[in-house]
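Residue numbers (our numbering): 279 to 561.
Built from N, CA and C at the ideal position, the CB exists for glycine as well.
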Ligand SMILES: Nc1ncnc2c1ncn2[C@@H]1O[C@H](COP(=O)(O)OP(=O)(O)OP(=O)(O)O)[C@@H](O)[C@H]1O
Ligand SMILES: [Mg+2]
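Laid out in structure tokens, this is it:
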């Protein structure tokens with residue numbers, strides 16, 4: 279991935295109890311960059327600081343020390359707030375808290391309306407956004423009748439309609455059933471691959487990290503490791519120390535190896551697993 283930072287964290291510290299004499303930091307001396315066009319996954323166990331990072335990325339929170347910049351703009355400068363929020367959108371875990379209107383297309387139009395976009399352009403943006411998340415056919419549906427996965431895709435469409443450069447998704451699939459999870463993940467991947475949207479996906483599902491350009495592991499408010507999915511998932515001791523598991527495919531391989539089956543030990547994707555099983559069967 280080319281070095282072309284869209285979001286940059288430079289020695290960022292954040293605390294929720296800043297009044298105390300010795301604050302507990304939710305984020306400690308954090309430095310990393312998100313490059314334009316990149317698909318970055320952030321992994322970390324409960325309380326490691328992931329949601330705090332998401333909120334620092336679009337100026338919902340401001341660092342107590344250090345600096346966050348978006349497209350070169352310091353998020354701490356009040357005059358940059360609107361521009362920062364236009365460039366970086368955040369999608370949260372609970373779709374019910376993010377839906378504001380009773381009809382799908384009205385909900386998606388809400389964000390661009392607040393940006394003061396002209397009505398005919400809003401029409402176009404809403405239609406494009408609903409097509410991108412595969413909810414165009416349901417544009418006149420009532421939002422409260424949708425499944426969790428459909429609601430989450432409408433929430434993502436609401437973000438897309440604001441045409442941000444980057445979408446940060448904070449455990450967007452955590453409350454969804456397997457079908458909803460898979461639909462939302464496919465939507466996120468296609469936004470990145472087909473529409474060039476920079477993605478920061480925070481998740482506790484290891485499977486969702488397999489296709490990332492880069493994975494960052496956070497632990498106790500700090501970056502514990504950074505690398506390609508293959509590099510990260512080959513570091514079994516690190517994962518264990520950070521309270522993380524292996525993706526299901528890799529877990530299955532471990533179980534097969536325990537049964538005495540000799541196979542590659544770096545399998546991550548379903549296709550790699552299929553290829554390896556076919557190879558073993560033919561051998
Ligand atoms: N509103 C708050 N007030 C005080 N402390 C908070 C608040 N929100 C989070 N924290 C603390 O900050 C630390 C980091 O929290 P954060 O929500 O960023 O973690 P997380 O990795 O998103 O966790 P989870 O996986 O549970 O979503 C934790 O120790 C948490 O207890
Ligand atoms: Mg969180």
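Beta carbon of residue 284, beta carbon of residue 443: below 7 Å?
Taking the chain shown and counting its residues from 1, the one referred to as residue 284 is at position 6. Taking the chain shown and counting its residues from 1, the one referred to as residue 443 is at position 165. Their beta carbons are under 7 Å apart, which means residue 284 touches residue 443 by this criterion.
Output the distance between the C-alpha atoms of residue 298 and residue 460, rounded to the nearest integer angstrom.
To locate residue 298, count along the chain shown from 1; it is residue 20. To locate residue 460, count along the chain shown from 1; it is residue 182. Near 43 Å, if we compare the C-alpha coordinates of residue 460 and residue 298.
Which residue comes first and which comes last in the beta strand (DSSP E) that contains residue 494?
Your numbering for residue 494 matches position 216 in the chain shown. Segment 492–497, the beta strand (DSSP E) holding residue 494.
Straight-line gap, residue 556 to residue 351 (C-alpha atoms, nearest Å):
Here residue 556 refers to the residue found at position 278 when the chain shown is read from its first residue. Here residue 351 refers to the residue found at position 73 when the chain shown is read from its first residue. Cα to Cα, the separation comes out at about 51 Å.
Kindly identify the DSSP beta-bridge partner or partners of residue 343.
Numbered from 1 along the chain shown, position 65 holds the residue referred to as residue 343. Residue 343 is bridged to 291.
Between which two residues does the alpha helix (DSSP H) carrying residue 334 extend?
Sequence index remark: in the chain shown, residue 334 carries index 56 (1-based). From DSSP, the alpha helix (DSSP H) with residue 334 extends over 328–335.
Would you call residue 456 buried or exposed, if buried means 16 or more other Cβ atoms sit within 10 Å of its Cβ?
For the purposes of this step, residue 456 is taken as residue 178 along the chain shown, with counting starting at 1. The residue in question, residue 456, is exposed, as its Cβ has fewer than 16 Cβ neighbours within 10 Å.
Our contact map puts residue 344 next to residue 405 with C-beta atoms below 8 Å; I'd like the distance itself, whole angstroms only.
Residue numbering aside, residue 344 sits at position 66 when the chain shown is read from its first letter. Residue numbering aside, residue 405 sits at position 127 when the chain shown is read from its first letter. Wrong, their Cβ atoms sit about 41 Å apart, outside the cutoff.
From residue 389 to residue 482, what distance separates their C-alpha atoms?
Residue numbering aside, residue 389 sits at position 111 when the chain shown is read from its first letter. Residue numbering aside, residue 482 sits at position 204 when the chain shown is read from its first letter. Rounded to the nearest angstrom, the two C-alpha atoms are 28 Å apart.
Residue 370, buried or exposed, once every other Cβ within 10 Å from all chains shown has been counted against 16:
On the chain shown, position 92 is the one that residue 370 refers to. Buried is the call here.
Relative to the alpha-carbon of residue 561, which residue among 545, 547 and 540 has its alpha-carbon at the smallest distance?
By 1-based counting over the chain shown, the position of residue 561 is 283. That would be 540, whose Cα lies nearest to the Cα of residue 561.
List, from N- to C-terminal side, the alpha helix (DSSP H) runs of 4 residues or more that fit wholly inside the segment 413–496.
426–438 and 456–473
Validate contact between the segment 419–431 and the segment 290–305 using beta carbons, cut 8 Å, 3 pairs
no
Work out the CA separation of residue 458 and residue 291 for me, nearest whole Å.
Numbered from its first residue, the chain shown carries residue 291 at position 13. Numbered from its first residue, the chain shown carries residue 458 at position 180. Going from the Cα of residue 291 to the Cα of residue 458 covers about 35 Å.
Please tell me whether residue 411 and residue 435 are closer than 7 Å, where the distance is taken between their beta carbons.
Stepping through the chain shown from its first residue, residue 411 is reached at position 133. Stepping through the chain shown from its first residue, residue 435 is reached at position 157. Cβ distance < 7 Å, so residue 411 and residue 435 count as in contact.
Quick check on the burial criterion: 16 or more other C-beta atoms within 10 angstroms. Buried or exposed for residue 367?
For this step, residue 367 is matched to residue 89 along the chain shown. The residue in question, residue 367, is buried, as its Cβ has 16 or more Cβ neighbours within 10 Å.
Distance check for residue 315 and residue 474, CA to CA, integer angstroms please.
On the chain shown, residue 474 is found 196 positions in, with the first residue counted as 1. On the chain shown, residue 315 is found 37 positions in, with the first residue counted as 1. Answer to the nearest angstrom: the Cα atoms are 6 Å apart.
Would you call residue 355 buried or exposed, if buried means 16 or more other Cβ atoms sit within 10 Å of its Cβ?
Here residue 355 refers to the residue found at position 77 of the chain shown. The residue in question, residue 355, is exposed, as its Cβ has fewer than 16 Cβ neighbours within 10 Å.
With DSSP run on the structure shown, which of helix, strand or coil describes residue 352?
Residue 352 sits at position 74 when you count from the first residue of the chain shown. Of the three classes helix, strand and coil, the one that applies to residue 352 here is strand, per DSSP.
7 Å Cβ shell around residue 476 - same chain, five flanking residues per side excluded
Here the question's residue 476 lines up with position 198 in the chain shown. Cβ within range, chain order: 284, 312, 314, 315, 316, 443 and 444.
Roughly how many angstroms separate the alpha carbons of residue 305 and residue 558, rounded to a whole number?
As a first step, residue 305 must be located in the chain shown, where it is residue number 27. As a first step, residue 558 must be located in the chain shown, where it is residue number 280. Using only the alpha carbons, I get a separation of about 46 Å.
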